[in-house]
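Residue numbers (this note's numbering): 34 to 472.
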Amino acid sequence: MTTTGADRATALSGPWWWSRWRSAVLDVGLALVSALECAAEGIPFARDAGIPVSAGIVFGLLAGSVLVLRRKWPIAVVLVAIAITPAQMGFLMGIVGLYTLAAAELPRRIIVALAGMSLVGTMIVTFVRVKQDMARGDLTLGDWFVPFAAVTTSLGLTAPPVLLGLYVGARRRLMESLRERADSLERELQLLAERAEERAEWARGEERTRIAREMHDVVAHRVSLMVVHAAALQAVARKDPEKAVRNAALVGDMGRQALTELREMLGVLRSGEAAQRRTVPVSASASVPLAAVGVAAAAAASRVVEEDGPWLSELEVLIGQSAAAGMVVDLSVEGAVRSYTAVIEQTAFRVVQEALTNVHKHAAGAKTHVRLAHRVAEIAMQVENEPPPEPASAASAGLPSGGNGLVGMRERVLGLGGVFVSGPTDAGGFRVSAVIPAA
């Protein structure tokens, strides 16, 4: 019989072939009652057979005690019960043996064959015994009573235990099947939960990368311009006080803008986490992974950033800020200007912004060309700077470089199914090109 993990654990708690001590006690008790019954029925059998009474009693005790093996060898128990049927012994053993046989997982042909043998044997013995009683005059009924008694007795001793055993066996197999299915579903749910945790951790990492990229794009450009203006302010502070005042005002404006955007970004993250905590009930929060809460908050922050992000119409303002820092920027737009989805416009803006930031860091004072092309199915942008007039000017500005700007631009463009290319030009400058599908 198929068993579940719980059944296998229980199988070690009983003696010998019994799974539980309770089953062992029940079988021993039934075997004891069967042995006493067969011993009592062995007395008239010994007298009729002309053997010593003690031999009949011993034979009955041995035959009846076979019932203790009903769970281990139910076929042997039924065969013994059929064998002692002519001696009119073992009625309890026959009934219990047939029940156990029908409830066990055995081929149906074996159960039908043994049940049929028991039915025929009981019918023949009952027919002969009733016939003998009527011949002796113990029964005065008609001849019709002999086959009637034989059929009803054999059916009464065979059919009920077999039918009950079949029902109990089918019910047991059904319960085991349901238990195995429940165990399988529990394992599958556990596996799904583990996979969900892995996906949540991966999604949280992705959202963390996106938020870090947004903060880098928002802050790095303005801080780079602030550093450039601060260097210019230091250079002209004594020579041209009015220009120094203008540079100081620009530094203050850019610093305030950077702080404002950074504060908005952090505010979105806090509001997303607070909203997520309000939407999760207290009773369910214990079962919700913290990774899922973090992912939901980060996703909400990313959605808000995308909706409130910069637009291509702000490119002129961006280029004007770079021009105010001393960069010569040439902007050219090709094709009919039209609007795109928020994520496309934001990505295009960030590519130009990061490319200009890199020019401030690595090629200060170099002339830069920004080209934007609106095509039928895509939007293309290119930022190319000429060689810097003074190669040491970038180092003198003291602008740090984390090395993540180009990587972030590439991830943004490739994430939208676009193409990103960057590298030095033959003239000694640097070029950043990107093409993003318009759909």
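Using N, Cα and C, we set each Cβ at its ideal position, and we do this for glycine too.
Remember, predicted model here, so these are calculated numbers, not experimental data.
Item: Between the alpha carbons of Thr155 and Pro194, how many angstroms are there, rounded?; Value: 14 Å
Item: Does the Cβ of Asp459 have 16 or more other Cβ atoms within 10 Å, making it buried, or fewer, making it exposed?; Value: exposed
Item: Suppose only complete runs of 3+ residues qualify. What are the beta strand (DSSP E) ranges in the region 96-141, listed by chain order?; Value: none
Item: Determine the DSSP secondary structure at Leu196, reduced to helix, strand or coil.; Value: helix
Item: For the region 185-202 against the region 124-144, are there 3 or more C-beta pairs whose distance is under 8 Å?; Value: yes
Item: Which class does Ala467 belong to by DSSP, given the choice of helix, strand or coil?; Value: strand
Item: Relative to the C-alpha of Trp51, which candidate in Gln290, Ala413, Leu199, Arg103 has its C-alpha closest?; Value: Arg103
Item: Alpha carbon to alpha carbon, how far is Val392 from Val361? Give it in angstroms, no decimals.; Value: 11 Å
Item: Grouping DSSP H, G and I as helix and E and B as strand, with all else coil, what is Arg243?; Value: helix
Item: For Ile143, which three-state DSSP category applies?; Value: helix
Item: What does DSSP give as the partner residues of His407 in its beta bridges?; Value: Ile412
Item: Look at Val465 and Glu417 and say whether their C-beta atoms are less than 9 Å apart.; Value: yes
Item: Measuring CA to CA, which of Lys276, Ala397, Arg212, Ala413 is closest to Ala369?; Value: Ala413
Item: Check the DSSP bridge columns for Val210 and list the partner residues they point to.; Value: This sequence places Ser at residue 210; Val is not what is there. Ser210 is not bridged to any residue.
Item: For Leu266 and Thr380, I'd like the C-alpha separation in whole angstroms.; Value: 32 Å
Item: I'd like to confirm the pairing. Which residues does DSSP put opposite His402 in its beta bridges?; Value: Asp363, Glu417
Item: Going along the chain, which residues of its own chain have a beta-carbon closer than 7 Å to the beta-carbon of Gly450, five neighbours each way excluded?; Value: Pro470
Item: To which residues does DSSP link Ser455 through a beta bridge?; Value: Val465
Item: Among residues of its own chain, excluding the 5 on either side of Pro180, which ones have a beta-carbon nearer than 8 Å to its beta-carbon?; Value: Phe160
Item: Taking only three categories from DSSP, how would you classify Trp50?; Value: coil
Item: How is Ile90 classed by DSSP in three states: helix, strand or coil?; Value: helix
Item: In three-state DSSP terms, what is Lys164?; Value: helix
Item: Three or more beta-carbon pairs under 8 Å between the region 348-362 and the region 392-409, yes or no?; Value: yes
Item: Count the other C-beta atoms from every protein chain shown that fall within 10 angstroms of the C-beta of Ala64, then say buried if there are 16 or more, exposed otherwise.; Value: buried
Item: Classify Ser56 as helix, strand or coil using the three-state DSSP reduction.; Value: helix
Item: At what residues does the alpha helix (DSSP H) containing Thr390 begin and finish?; Value: 375-395
Item: Considering just the uninterrupted stretch of the alpha helix (DSSP H) at Glu349, what are its terminal residues?; Value: 348-357
Item: Just to check my reading of the structure: Leu100 and Val110 have Cβ atoms closer than 8 Å, yes? What is that Cβ distance to the nearest angstrom?; Value: 6 Å
Item: Note down, in chain order, each residue of its chain lying with its Cβ closer than 7 Å to the Cβ of Ile352, except the 5 sequence neighbours on either side.; Value: Val362, Leu364, Val403
Item: From which residue to which residue does the alpha helix (DSSP H) around Leu449 run?; Value: Per DSSP, Leu449 belongs to no alpha helix (DSSP H) and is neither H nor E.
Item: Expressed to the nearest angstrom, what Euclidean distance is found between the alpha-carbon atoms of Ala114 and Ser187?; Value: 13 Å
Item: Hey, out of Ala96, Leu199, Ser98, whose CA is closest to Pro140's CA?; Value: Leu199
Item: Assuming Gly75 and Met122 form a contact by the criterion Cβ under 8 Å, report the distance between their Cβ atoms to the nearest whole angstrom.; Value: 6 Å
Item: Going by other Cβ atoms of all chains shown within 10 Å of its Cβ, with 16 needed for buried, is Gln415 buried or exposed?; Value: buried
Item: DSSP state of Arg232, grouped into three classes?; Value: helix
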